[in-house]
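Colleague: First residue of the sequence shown: 2, per the working numbering; consecutive thereafter. Ideal Cβ placement from N, Cα and C applies to all residues, glycine included. Note that the structure is a prediction, hence the values are computed from the model and not measured. Sharing a structure, written as structure tokens. Questions coming.
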Amino acid sequence: MSLQLRVPPTNQRVLPESVEHDFEPGLRDREHTPPPRDVADAGWGNGWETDFSESVRRLYAGYRGAVLPTLSALSLHVALSERWFQQREFDLRGARRILDVGCGAGQLTQHLLKHADREATIMGCDLTWEMLLRARRRVRHDAVQWVVGNLTHLPFDEASFDCVTCGFVLEHLPDVRRGLHELARVLTDGGRLLLLTTEDHWTGRWTARAWNCRALNRQELRRQCQEAGLVWKQDLWFSEVHRWFAVGGICVSLERASRCHSGNG
Ligand SMILES: C[S@@+](CC[C@H](N)C(=O)[O-])C[C@H]1O[C@@H](n2cnc3c(N)ncnc32)[C@H](O)[C@@H]1O
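Here it is, written out as structure tokens:
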């Protein structure tokens, strides 16, 4: 896997190598702790964060973000989602520039690293720098670059990636369409998107309450994706049991429509 990042950076805020410490185990009492100096210099708190994103960041910086990888493992979300990459329901073959937006603790990033082509460059991006530190510690691979960024204003040029994953982030945005527009913007024409989000189903509503986010309606999301120039290709399920009970969230593979024909982006 190449260490050379070829994605053109636009005002990127790369997590500096020098930052290793996320103040655990004291995070519970220090949710308002400002970032280390070099992360701050990399763009934190320069006016790009709005109130909503600051409250989301605080949520994930704290103990809930710290236990997230364990919860993801217990719910089998990490193990079951690997099948999509293994069985090429979400096909990474040929993708050279891959982005994981809202990478959290690297739950999906680790699959990208394992199943992407050797030549691919992978970038993990998250609003919460504490999550990036956790991801970097868990994934432990130099091939992944970690960047602080907000889905509402991704710090990448148009058409920078031929593959994007975005797991359980959209429900945190005040305006879903804004996030979809950004995902479509950074994708190349024909680029692939794996989108996972909380559904307005009974389990989803419960999850949304617990994580202080929203639960989205599948039909509404489908319509919004279409408007953003994202073509809904295939509904995915963590397992047959999830499919039977329609639980686990909205998991879908999409494709970026051509800019020439769609008039989007
Ligand atoms: C539930 S975790 C999902 C982690 C991983 N993607 C997964 O599929 O398990 C949500 C992550 O999205 C991040 N996040 C929330 N809002 C975001 C935004 N507007 N831009 C970027 N990341 C965001 C949070 O900091 C958190 O790390």
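Are the segment 95-110 and the segment 64-71 in contact at 8 Å, needing three or more beta carbon pairs?
Modeller: Yes: the two stretches touch, three or more of their Cβ pairs being nearer than 8 Å.
Colleague: Kindly give me the distance between the Cβ atoms of ARG179 and THR153, rounded to whole angstroms, as I take these residues to be in contact under 8 Å.
Modeller: Right, their Cβ atoms sit about 5 Å apart.
Colleague: Tell me whether ASP127 is buried or exposed, calling it buried when 16 or more other Cβ atoms sit within 10 Å of its Cβ.
Modeller: Answer is buried; the Cβ neighbour count reaches 16.
Colleague: Secondary structure at PHE239, three-state DSSP: helix, strand or coil?
Modeller: Of the three classes helix, strand and coil, the one that applies to PHE239 here is coil, per DSSP.
Colleague: By how many angstroms is the C-alpha of ASN218 removed from the C-alpha of ARG210?
Modeller: Their backbone Cα atoms lie some 16 Å apart in a straight line.
Colleague: Hey, would you say CYS164 sits closer than 8 Å to ARG193, going by beta carbons?
Modeller: Yes. Within cutoff.
Colleague: In whole angstroms, what separates the C-alpha of ARG138 from that of THR166?
Modeller: Each residue's Cα considered, the two are about 20 Å apart.
Colleague: So what does DSSP say about CYS261, is it helix, strand or coil?
Modeller: The answer is helix: DSSP assigns CYS261 an H, G or I state.
Colleague: Do the CB positions of ALA185 and ALA229 come within less than 8 Å of each other?
Modeller: A contact, by the Cβ cut-off of 8 Å.
Colleague: For GLY125 versus LEU133, is the C-beta spacing smaller than 8 Å?
Modeller: Going by C-beta atoms, GLY125 is nearer than 8 Å to LEU133.
Colleague: At a cut-off of 7 Å, would you count LEU69 as near ligand 1, judging by its Cβ distance to the nearest heavy atom?
Modeller: LEU69: yes, Cβ under 7 Å from ligand 1.
Colleague: Return the bridge partner residues of LEU196 from the DSSP annotation.
Modeller: CYS167 and VAL253, per the DSSP bridge assignment.
Colleague: Which of the three DSSP states, helix, strand or coil, is assigned to GLN108?
Modeller: Coil.
Colleague: Would you mind stating whether ALA160 and LEU188 have Cβ atoms separated by less than 8 Å?
Modeller: Closer than 8 Å, so yes.
Colleague: Between SER76 and ligand 1, is there a pair consisting of the residue's CB and a ligand heavy atom that are separated by less than 7 Å?
Modeller: SER76 Cβ: outside cutoff for every heavy atom of ligand 1.
Colleague: Would the C-beta of GLY103 count as close to ligand 1, meaning under 7 Å from any of its heavy atoms?
Modeller: It does: the Cβ of GLY103 is within 7 Å (strictly closer) of some heavy atom of ligand 1.
Colleague: Going by other Cβ atoms of all chains shown within 10 Å of its Cβ, with 16 needed for buried, is CYS252 buried or exposed?
Modeller: So CYS252 counts as buried.
Colleague: State the DSSP-derived secondary structure class of PHE91, mapped to helix, strand or coil.
Modeller: Looking at PHE91 - three-state DSSP - the assignment turns out to be coil, as it is neither helix nor strand.
Colleague: Do HIS173 and ligand 1 come close, with the Cβ less than 7 Å from some heavy atom?
Modeller: Within the cutoff, so yes.
Colleague: In this structure, how does DSSP classify GLU78 when only helix, strand and coil are distinguished?
Modeller: Note on residue identity: the sequence assigns His, not Glu, to residue 78. Residue state, collapsed to three classes: helix.
Colleague: I'd like to check one pair, ARG58 with GLY150: are the Cβ atoms closer than 8 Å?
Modeller: The answer is no: Cβ separation not under 8 Å.
Colleague: Give the DSSP-derived three-state secondary structure of TRP233 in the structure shown.
Modeller: Residue state, collapsed to three classes: strand.
Colleague: Of the residues GLY249, TRP233, LEU174 and ASP236, which one's Cα is nearest the Cα of ARG206?
Modeller: Selected option, being the one with the closest Cα: GLY249.
Colleague: Below 8 Å on the Cβ atoms is my guess for ASP190 versus SER259; work out the distance and round it to an integer in Å.
Modeller: At roughly 5 Å, the Cβ-Cβ gap stays under 8 Å, so ASP190 and SER259 are in contact.
Colleague: Within a Cβ cutoff of 8 Å, which residues of the same chain sit near GLU32, ignoring the five residues on either side of it in sequence?
Modeller: Below a pLDDT of 50, predicted positions are generally treated as unreliable, and GLU32, at 40, falls in that range; no measurement from the model is reported.
Colleague: Helix, strand or coil for THR153? Go by DSSP, reduced to three states.
Modeller: Of the three classes helix, strand and coil, the one that applies to THR153 here is coil, per DSSP.
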